[in-house]
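Written out below as structure tokens is the structure these notes cover.
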Amino acid sequence: MKARDALCLSEHISIKKHPLVQASSQWRKVQDLLETDERCSRLEKIDRLEIFQEYIRDLQSEEEEQRKLRMIKDFAAYLAVSSNTSDQQQKTYLQMLWMSWRKR
Numbered sequence: 570m571k572a573r574d575a576l577c578l579s580e581h582i583s584i585k586k587h588p589l590v591q592a593s594s595q596w597r598k599v600q601d602l603l604e605t606d607e608r609c610s611r612l613e614k615i616d617r618l619e620i621f622q623e624y625i626r627d628l629q630s631e632e633e634e635q636r637k638l639r640m641i642k643d644f645a646a647y648l649a650v651s652s653n654t655s656d657q658q659q660k661t662y663l664q665m666l667w668m669s670w671r672k673r
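Quick note: the sequence shown uses our numbering, first residue 570, plus one each step.
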């Protein structure tokens, strides 16, 4: 079992280093690329799929966390600007911008 675990770790590292594997990557488009990698070809197809799915989940979690941090930073900047705006027209404009940004 340890040999299999070592292969899985090697495969995981191989997937992380592959430039075409991103959070939006689909298994059906990536599997052929990974099968040509010598380290990857030593694993069963189901093991490659499981490692790929785990890595994609990690990438998606990281992207979601980054998106939330950007929203917090942008919201803090919005609050700072809107609280310092004495002109109602400018404040309304900023509110409209903020609402359109949040809809994305």
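Every residue, glycine too, gets a C-beta built ideally from N, C-alpha and C. Nothing here was measured: the structure is a model prediction, and the numbers come from that model.
Q.
With H, G and I counted as helix, E and B as strand and the rest as coil, what does DSSP make of residue 592?
A. Residue 592 sits at position 23 when you count from the first residue of the sequence shown. In the structure shown, residue 592 sits in coil (DSSP, three-state: anything other than H, G, I, E or B).
(Q) I want to know whether the stretch 633 to 645 touches the stretch 593 to 602 - three or more CB-CB distances under 8 Å. (A) no
Q. Roughly how many angstroms lie between the CA atoms of residue 628 and residue 661, to the nearest whole one?
A. Here residue 628 refers to the residue found at position 59 when the sequence shown is read from its first residue. Here residue 661 refers to the residue found at position 92 when the sequence shown is read from its first residue. Near 37 Å, if we compare the C-alpha coordinates of residue 661 and residue 628.
Q: Indicate the three-state DSSP secondary structure (helix, strand or coil) for residue 611 in the structure shown.
A: If you number the sequence shown from 1, residue 611 lands on position 42. In this structure, residue 611 counts as coil in the three-state DSSP scheme.
**Q.** For residue 589, the nearest candidate out of 614, 624, 615 (CA to CA)
**A.** Against the sequence shown, residue 589 aligns to sequence position 20. With distances taken between Cα atoms, residue 589 lies closest to 624.
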